[in-house]
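Residue numbers (this note's numbering), protein chains in the order written: chain A, 811 to 899; chain B, 79 to 351.
Virtual Cβ for every residue (Gly too), placed ideally from N, Cα, C.
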Amino acid sequence: MIRGEEFAPLPFFSPMHIKINLFATLRKDRFDTDQREYPTGTTVLAVLNDLVIPEGEAAIIFVNGKHAGPDHVMLDGDTLSIFPPIGGG
Amino acid sequence: MDKVQDFLKANGADDIVHQNILDEASVKFNMPPGVIEEAALNANLLPARYQRNRNTLSIEQQYALFKSRVVVIGCGGLGGHVIEGLARLGVGTIVAVDPDHFEEHNLNRQILCTLETLGQLKTAAAADRVRKINPAITIVSVPHALRSDNAARILSGCDVAVDALDSIPVRVELARACAELLIPLVHGAIAGWFGQIAIQLPREQTVLDLLEKCGDKIGIEKVTGNPSFAPAVVAGLQAAEACKIITNKDSSMKGRILFIDLLDMHFEEIRFE
């Protein structure tokens, strides 16, 4: 055993660090960008709920530049970007 | 046609031919202005109206623009500015699609809406405007809503389609039709201080995927409304992308969404894989 390893926290209990970018009207009363901690296994939907963003206001969701749905399970170090639906002309 | 080109060359100043000479040729040879402008460009003569395009676009690219057919779906805030931009750029055929008439609440942002055009079909106002800018341009007015059952008929033969609609479900129909017909699509949308632009090239369905994510969600423009500058900004970007697609310039917009925030004056780029 490597010295000091016994003091390292178990991975299961370590919180994930998620970078969240909000856009347009989603920033109102929230933030532009923030780094937050969530438990392992947190989904996109759980983050939306935590931020009190109704699903109807989160049209386009990207995790690390890839489309992701509400059921997507986040991983430590992920960047989550949420855009509202824009359809005006 | 040689006679026309000889006349234009004889009356041009170096490789520039002025509008009065084009008009004179149209009368003298009894040919519509579009045929004369094409003959000029084909003979490497630049109509004087395009002089300030010249170090941005080559005469070959100017000719390619004149030979192109671009359909603009929606002639409101975005569409009006897009049509204005395409007409001045030198696109030869513009198809304007919109079933609506101008109303007072369009006056805050829709460039084709004036006190004179209130109550008119938006496509009729578009046609009048284009004819005033350049009678050599062919403008096709389609005063109907785009639907899945008429999309192929409206879009067929077009080199580029510009999405200037105001409803997400119709945008989905357009993106799907463009994917099926292999027509490049330039998507743009606005809401308040915000906007977005993306392109979908043949054999891609990037915009379709993007819009389908929105599903039946209601756009935030229903709450935010749209100020005058938002359509001008996004339509300008759309016209630039349409220009690049027609003139075969590489577009770095492939595989990206540009999200525009005019409040924080910030352009966010999302690359999708």
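Between which two residues does the alpha helix (DSSP H) carrying B/Thr216 extend? It is not in any alpha helix (DSSP H) - B/Thr216 instead sits in the beta strand (DSSP E) that spans Thr216 to Val220.
- Contact with chain D by B/Gln274, beta-carbon distance below 7 Å: The structure shown has no chain D; the protein chains it does contain are A and B.
| said: I need the boundaries of the alpha helix (DSSP H) containing B/Thr302, first residue and last residue. | reply: Start and end: Glu299 to Thr302.
Q | Residues of its chain near A/Gly814, where Cβ-Cβ distance is below 8 Å and the 5 sequence neighbours each way are ignored | A | For A/Gly814, the predicted structure reports a pLDDT of 49, less than 50, and the residue's modelled location is therefore unreliable. A value from the coordinates is still provided. Within the same chain, no Cβ atom closer than 8 Å to the Cβ of A/Gly814 is found once the five residues on either side in sequence are excluded.
- prompt: Starting from B/Val312 and walking both ways along the alpha helix (DSSP H), at which residues does that stretch end?
  reply: Start and end: Phe307 to Ile324.
Item to complete: Would you tell me roughly how many angstroms separate the C-alpha atoms of A/Pro880 and A/Leu832, rounded to the nearest one?
Response: Distance from the CA of A/Pro880 to the CA of A/Leu832, rounded to the nearest whole angstrom, comes to 15 Å.
Original post:
Using a Cβ-Cβ cut-off of 7 Å (strictly less than) and excluding sequence neighbours within five positions of B/Glu290, which residues of its own chain qualify?
Top reply: Within the same chain, Cβ atoms closer than 7 Å to the Cβ of B/Glu290 are found at Val250, the five residues on either side in sequence being excluded.
query = In terms of residue numbering, what span does the alpha helix (DSSP H) encompassing B/Val238 cover?
reply = Counting along the chain, B/Val238 sits inside no alpha helix (DSSP H); it lies in the beta strand (DSSP E) bounded by residues Val238 to Asp241.
Exercise. What first and last residue would you give for the alpha helix (DSSP H) that runs through B/Arg209?
Worked result: B/Arg209 -> alpha helix (DSSP H) spans Lys200 to Ile211.
Environment of B/Phe272 [buried if 16+ CB atoms lie within 10 Å]: So B/Phe272 counts as buried.
Query raised in the report: Just how far apart, CA to CA, sit A/Ala856 and A/Gly887?
Result: So the alpha carbons of these two residues sit roughly 17 Å apart.
* Asked: Do A/Gly875 and B/Gly297 have their C-beta atoms closer together than 7 Å?
  -> A/Gly875 is not a Cβ neighbour of B/Gly297, given a cutoff of 7 Å.
Below 8 Å, can you find three or more Cβ-Cβ pairs linking the stretch 247-263 of chain B to the stretch 154-164 of chain B?
Segments in contact, no.
Excluding sequence positions up to five away, which residues of its chain have a Cβ less than 8 Å from the Cβ of B/Leu260? If we look at B/Leu260 and ignore the five residues flanking it on each side, its Cβ neighbours are Pro280 and Arg281.
**Request:** On the DSSP bridge assignment, give the partners of A/Asp844 in chain order.
**Result:** Secondary-structure assignment with DSSP links A/Asp844 through a beta bridge to A/Ile830.
- Item | Of the residues A/Ile830, A/Arg837 and A/Met826, the one placed nearest B/Asp342, counting alpha carbons only | For B/Asp342, the nearest C-alpha among the options comes from A/Arg837.
Contacts of B/Phe350 in chain A (Cβ-Cβ under 8 Å)
The contacting residues are Phe872, Gly875, Lys876 and His877.
How big is the Cα-Cα spacing for B/Pro262 and B/Cys256? Computed Cα separation, rounded: 7 Å.
Where does B/Arg249 fall in DSSP's three states? For B/Arg249, the three-state secondary structure derived from DSSP is helix.
- [ ] Go ahead and label B/Gln188 buried or exposed: buried means 16 or more other beta carbons lie within 10 angstroms of its beta carbon, across all protein chains shown.
- [x] Counting Cβ neighbours within 10 Å, B/Gln188 comes out buried, since at least 16 surround it.
Simplified DSSP assignment, three categories, for B/His96:
Reduced to three states, the DSSP call for B/His96 is coil.
Relative to the alpha-carbon of B/His222, which residue among B/Val148, B/Gly333 and B/Asp176 has its alpha-carbon at the smallest distance? Measuring from the Cα of B/His222, the nearest candidate turns out to be B/Asp176.
- prompt: Under 7 Å between C-beta atoms, does B/Asp244 make it to chain A?
  reply: Output row for B/Asp244: interface = yes.
Inset, instruction - Leaving aside the five residues before and after B/Phe107 along the sequence, list all residues of the same chain whose C-beta is less than 6 Å from its C-beta, in chain order. - result: These residues qualify, in order along the chain: Val82.
Taking the C-alpha atoms as reference points, what is the distance between B/Val311 and A/Thr889? So the alpha carbons of these two residues sit roughly 28 Å apart.
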